[in-house]
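Student: If you're matching them up, the sequences are chains V and H in order. Heads up: the first sequence is residues 5 to 494, going by our numbering. Heads up: the second sequence is residues 78 to 556, going by our numbering. Got a structure here, written out as structure tokens. Questions coming.
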Amino acid sequence: MNTPVRRVAIAVMVMILLLMTNLTYVQVVKASDYRNDPRNQRVLLAEYSRKRGQISADNQILASSVETDDRLRYQRQYSDGKVYGPITGYYSVIYGSSGIERAADSVLNGSDDRLFGRRLSDLITGRDPSGGNVVLTLDPDVQQTAYDQLERKGYAGSVVAIRPQTGEILAMVSTPSFDPNPLASHNSEQQNSAWKADESADPPVLINRAISETYPPGSTFKLIDTAAALSSGRYTPDSQLTAAPRITLQGTNTTLENFNGNACGTAATASLKDALQRSCNTAFAQLGADLGEQAIRDQANKFGIGQSLTIPMPVAPSTIGDIQDTAALEQSSIGQRDVALTPLQNAMIVATIANGGQVMAPYLVKEIQSQELDPVETTEPDRLGRAIDPAVAQTLTQLMVNNENSYSGAGKITGVQIAAKTGTAEHGNDPKNTPPHVWYVGFAPADNPQVAVAVLVESGGDPNDLAATGGAVAAPIGRAVIRAALGGGQ
Amino acid sequence: MAAPDLRSEPAPAAPAPLPTGRGIELVLLAFAAVLVTGALVLVEANQEQELTRVLLFVGLAYLGLFTAAHFAVRRFAPYADPLILPCVALLNGLGLVMIHRLDLAEIDQALALGRDAPTELIGRQVAWTAIGLLLFVAVLWAVRDHRTLARYAYTAGFTGIALLALPGLLPSSLSEVNGAKIWIRLGPVSIQPGEFAKILLIIFFAAFLVQKRDLFSTAGRRFIGMELPRARDLAPLLLAWGMSVGVLVLESDLGTSLLFFGILLVLLYVATERVSWMLIGITFFLGGCVLAYHLFAHVRVRVQIWLDPFADFSGSGFQIGQALFGLGTGGVGGTGLGAGRPDLVPFAESDFMLSSLGEELGLIGLAAILVIYLVLITRGLRSALAVRDSFGKLLATGLAFGIALQIFIVAGGASKLIPLTGLTLPFLSYGGSSLVANYALVALLLRISHAARAPLPRRPAVPLPPIAEAGTELVERPR
């Protein structure tokens, strides 16, 4: 009777082996499929059972987690949701996350390596494990001013303010905006309806125009032409350029004309300084053609155009497009054709001029903190290279001061010298009958820059205002933001 | 039948004291207590409970309980296998920790939803553990020689069948829980008589087969190199098969049905040593499967869930789908005791104990648990090899294989190896009947292993006529 008992023992071992093999299949081979299956709530529940870190700026808490009494233990709450929504992003059970919530997720959920020591001590002391905090570089006053300026008039647009010496982003606004609070609701019904409303909104609200949309820069691009011209050594502010009201693009029958078809002053030629101040298209088309594609492209690249940046959200790369012939170069030189910049990129350009030509990497995260608000890591300003010589920057600043002083328009600040450039860019399929995008870029004070701003208002802020200009629509906003940044209040 | 098994071994020349292994048992029990206490501390830490000295007392109480069992073994079966009780203690302890852990999750959940905290299951399970250990000691005390059980074979058989059939015949209000009519509900206490019937029927079949072994071994016709049994000898197989089908029809209990048929088939094979019985049995089994598939809607549903649990995830596939998610999330290392969400799986503390353990202990933990089971089962089968009487061999094989098959059915079901059937993991799962019955089962295994390992001279050398020697077993034949 022993032989069959031995065989039974072998059979039992085979059975156990079968179980282990199958478990290996389930727990190793299929493990990640099962773990990441959307119907598997475990990862989600674990995520929501930990207290997520807060997002703050200058002692103002922008996003924090509060304990709830439902199935998911913590709920995300945003103060001033619409003002900061495009930056903080949302944190939704159904729709995932965006903005800082997404870009700094590892810190906020506590899994970041830099928080390892804290996690270890949580484990030993039995403290509730929770995420680290993120402190932003934003200045709430500037942010609020910028938001109010755009929102009050119902503009779709964006404002970016940067501290030139460091690259700290002081304000980053995109309007119209959304409130991330209903998206963070634990009520799926509420989440759904908020998402549907946000997603179908026109103009869109879920995008951060400052970093994910590119717009033709129009005349603000003439700063790059001027920088290239001055850097070439062949031009000075007094160099003479054509003053013709219109020119024919080389090799085509297309004409390119100045704003309203005006001549660039009364003489046959105009100086570079005057051409920039009057923003004469023909002069800069000629200048671009003379400098050549390579010079313009090199100068644009040195200012950061074409680079992929993370702030820590990824920034859409700006571009000057494929310039295939001289005609294209002439059009590109006035910031049209395929040239497209993000508002952040345009702010970076003026910030670089303000910083003596040194490009600083823009950033939003000032500091990472432990759960007890102790600093864990402070972001050091990062130099990206030199775009122009300090002397060229100095000259450009003078030219921009000259521009600003010639602009009319509201919001001038007594006692503060601004250096600026406006832009009015055609866009769309029927540019002559579509209100242009309007820009204002600048920095102040000109002799000791504290802030650089870029303001963009989509389609002139008014669908019927074909005559909208940067000077009239965008400049007052830019000045208000500068005033706020310099501590002047609103 | 191999001749050496029938002969008594010659008595050792010098009866030097044989090692009983009781010391090893005690050390291993202490080791199990350390492991279980450690597991409990981990659960409390991960569930953010206060770590107090109470945990140490719980660990000591557990050790105390099993030390008492150990002394009972020392007293009543000193030569019993020293590995069996520690294996059981460790499994039982891990089960208690997991049930406590799931209690904490349920309480958390209830508090979060603003409901009253549910009754903790752990209290009942601890009580059942105590009752189980009492029965364990009682069986060791009452059954001094396992061969006496053979005398009560028919009593055991009838009682077993009655217990098995009772829930099926009772009105559903008294016997049905979650669709399976396998319970007897007596006020607050529910008993699953099938668990006890399992042991009784193994006793009956072992005795019956030993008695009629020659009959079944008689050769019938030869067929492809195999000797087929005579048609009239198929009766016990038919009985087993009929019983299983009966369970299935009356009680909708696929697992128990499969378990009984498997155990009885293996007993028949061991008793007759003829592979043909296995083949015929498997044919019967396959026939039964086809029949059941066509006749019973719930069997069809089970098979469909098994083939694709995610086809109807929110409905019938929810349990197994959640169990797979739990196992997958646990992965190789597991989330750590108390750090996962095993409570998301319905019946996490009973039918799906495997996925609960797999989620938090990972593949490594499950493999360790399966190895503990394997040790327990192989020690049982070893006793079957070593014990001198045929009834003991059959009984030990049946009991040990019963545990193995039950684990295979329930663990295979919960991990989608085979269709899901409701059974408990012995010693690990929540459930009083299963726990208490399995303690009785282990007591019998210990008793047999004692008989296998005890030095022979303890039996009085009654002068017997030489002719009686050949038929030692017949002396024990039930009268």
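Where a beta carbon is used, it is the ideal one built from N, C-alpha and C, also for glycine.
Taking its Cβ as the centre, do 16 or more other Cβ atoms sit within 10 Å of Glu193 of chain V, making it buried, or is it exposed?
Tutor: Exposed, by the Cβ-count rule.
Student: Tell me, please, which residues DSSP counts as bridged to Val380 of chain V.
Tutor: In the DSSP output, where bridge partners are listed per residue, Val380 of chain V has none listed.
Student: Ordered along the chain, which non-local residues of its own chain (more than five positions away) have a Cβ less than 8 Å from that of Glu426 of chain H?
Tutor: Met175, Ile176, Leu179, Leu198, Ser433, Ser506, Tyr507.
Student: Strictly below 7 Å CB to CB, what residues from chain H border Asn44 of chain V?
Tutor: Within chain H, the residues near Asn44 of chain V are Phe402, Thr406.
Student: If distances are taken between C-alpha atoms only, which option among V:Gly135, V:Val9, V:Gly93 comes closest to Pro316 of chain V?
Tutor: Checking every option, the nearest Cα to that of Pro316 of chain V belongs to V:Gly93.
Student: Please name the residue or residues paired with Ala61 of chain V in a DSSP beta bridge.
Tutor: V:Gln64, V:Leu140, per the DSSP bridge assignment.
Student: How many angstroms separate the CA atom of Phe182 of chain V from the CA atom of Ile104 of chain V?
Tutor: If you take the alpha carbons of Phe182 of chain V and Ile104 of chain V, they lie about 15 Å apart.
Student: Would you give the residue range spanned by the beta strand (DSSP E) that Glu371 of chain V belongs to?
Tutor: That run of the beta strand (DSSP E) goes 369-373.
Student: Near Thr170 of chain V, what residues of its chain come up, given a Cβ to Cβ distance below 7 Å and the 5 sequence neighbours on each side ignored?
Tutor: The residues are Met364, Pro385.
Student: What distance in whole Å lies between the Cβ atoms of Phe468 of chain H and Val347 of chain H, which are believed to be in contact at a cut-off of 8 Å?
Tutor: Contact doesn't hold; Cβ gap of about 12 Å is too wide.
Student: Using a Cβ cut-off of 7 Å (strictly closer), state whether Lys34 of chain V contacts chain H.
Tutor: Yes, contact with chain H.
Student: Identify, in the order they occur along the chain, each residue of the same chain with its Cβ nearer than 7 Å to the Cβ of Phe288 of chain V, setting aside the five sequence neighbours on each side.
Tutor: Same-chain partners within the cutoff: Lys226, Asp229, Ala279, Ser337, Ile338.
Student: Any chance you could list the alpha helix (DSSP H) runs of at least 4 consecutive residues sitting entirely within the region 216-254 of chain H, in chain order?
Tutor: Qualifying alpha helix (DSSP H) stretches, in chain order: 224-228, 230-246, 249-252.
Student: What residues are listed by DSSP as bridge partners for Tyr82 of chain V?
Tutor: Answer is V:Ala67.
Student: Quick one: does Ala13 of chain V have its CB under 7 Å from some CB of chain H?
Tutor: Yes, its Cβ sits closer than 7 Å to a Cβ of chain H.
Student: Short of 7 Å in beta carbon distance, which residues of its chain neighbour Pro81 of chain H, apart from the five on each side in sequence? Order them along the chain.
Tutor: At Pro81 of chain H the pLDDT is 43, less than 50, meaning the model places this residue with poor confidence; the figure from the coordinates comes in the next sentence. Excluding sequence neighbours, Pro81 of chain H sits near nothing in its chain.
Student: How far does the alpha helix (DSSP H) with Trp354 of chain H in it reach, from first residue to last?
Tutor: Note, Trp354 of chain H: alpha helix (DSSP H), 352-372.
Student: When burial is assigned at 16 or more other CB atoms within 10 Å of the CB, is Val448 of chain H buried or exposed?
Tutor: Under this definition Val448 of chain H is an exposed residue.
Student: If the cut-off is 9 Å on Cβ atoms, which residues from the region 241-269 of chain H count as contacting chain V, listed in chain order?
Tutor: If the cut-off is 9 Å between Cβ atoms, the region 241-269 of chain H has nothing near chain V.
Student: With a threshold of 7 Å between beta carbons, is Pro385 of chain V in contact with chain B?
Tutor: The question asks about chain B, but that chain is absent: this structure's protein chains are V and H.
Student: What residues in its chain sit with their C-beta under 7 Å from that of Asn123 of chain H, if we drop five residues either side in the sequence?
Tutor: Contacts found: Gly413, Leu414, Gly415, Ala416.
Student: Since Thr218 of chain V is in the beta strand (DSSP E), which residue starts that stretch and which ends it?
Tutor: Unbroken run through Thr218 of chain V: none, as it is neither H nor E.
Student: How would you call Ala150 of chain V, buried or exposed, if buried means at least 16 neighbouring beta carbons within 10 angstroms?
Tutor: Buried: at least 16 other Cβ atoms inside 10 Å.
Student: Pick from H:His223, H:Gly479, H:Leu132: whose alpha carbon is nearest that of Ser511 of chain H?
Tutor: The residue with the shortest Cα to Cα distance from Ser511 of chain H is H:Gly479.
Student: Which residue wins for smallest C-alpha separation from Ile417 of chain V, given the options V:Tyr239, V:Val47, V:Ile486?
Tutor: Per the Cα distances, V:Ile486.
Student: Quick check: the Cα distance between Leu22 of chain V and Tyr29 of chain V, rounded to an integer number of angstroms?
Tutor: Roughly 11 Å between the two C-alpha positions.
Student: When Cβ atoms are compared, which residues of the region 358-383 of chain V fall closer than 9 Å to chain H?
Tutor: The region 358-383 of chain V vs chain H, Cβ under 9 Å: nothing.
Student: Please name the residues in the region 455-471 of chain H whose beta-carbon is closer than 7 Å to at least one beta-carbon of chain V, in chain order.
Tutor: Flagged, chain order: Thr455, Leu458, Ala461, Leu462, Ser467, Lys470.
Student: Got a sec? Which residues, its chain only, sit under 7 Å from Ala414 of chain V by beta carbon, not counting five neighbours each side?
Tutor: Around Ala414 of chain V: Pro480.
Student: From the DSSP secondary-structure annotation, give me the bridge partner or partners of Trp443 of chain V.
Tutor: Answer is V:Gly427, V:Leu460, bridged to Trp443 of chain V.
Student: Starting from the beta carbon of Asn350 of chain V, find every residue of chain H whose beta carbon is closer than 7 Å, and list them in chain order.
Tutor: The contacting residues do not exist; Asn350 of chain V stays about 47 Å from chain H at best.
Student: Name the two residues that bound the continuous beta strand (DSSP E) containing Gln328 of chain V.
Tutor: Counting along the chain, Gln328 of chain V falls outside any beta strand (DSSP E), and DSSP gives it neither H nor E.
Student: For Leu49 of chain V, decide whether its Cβ has a neighbour in chain H, counting only Cβ atoms nearer than 7 Å.
Tutor: Yes, its Cβ sits closer than 7 Å to a Cβ of chain H.
Student: Determine the DSSP secondary structure at Leu174 of chain V, reduced to helix, strand or coil.
Tutor: DSSP places Leu174 of chain V in strand when its eight states are reduced to three.
Student: Return the residues of the region 294-326 of chain V that lie within a Cβ-Cβ distance of less than 9 Å from chain H, sorted by chain order.
Tutor: Answer set for the region 294-326 of chain V: empty.
Student: Please name the residue in V:Glu261, V:Thr240, V:Pro241 whose C-alpha comes closest to that of Ala247 of chain V.
Tutor: Nearest of V:Glu261, V:Thr240, V:Pro241 to Ala247 of chain V, Cα basis: V:Glu261.
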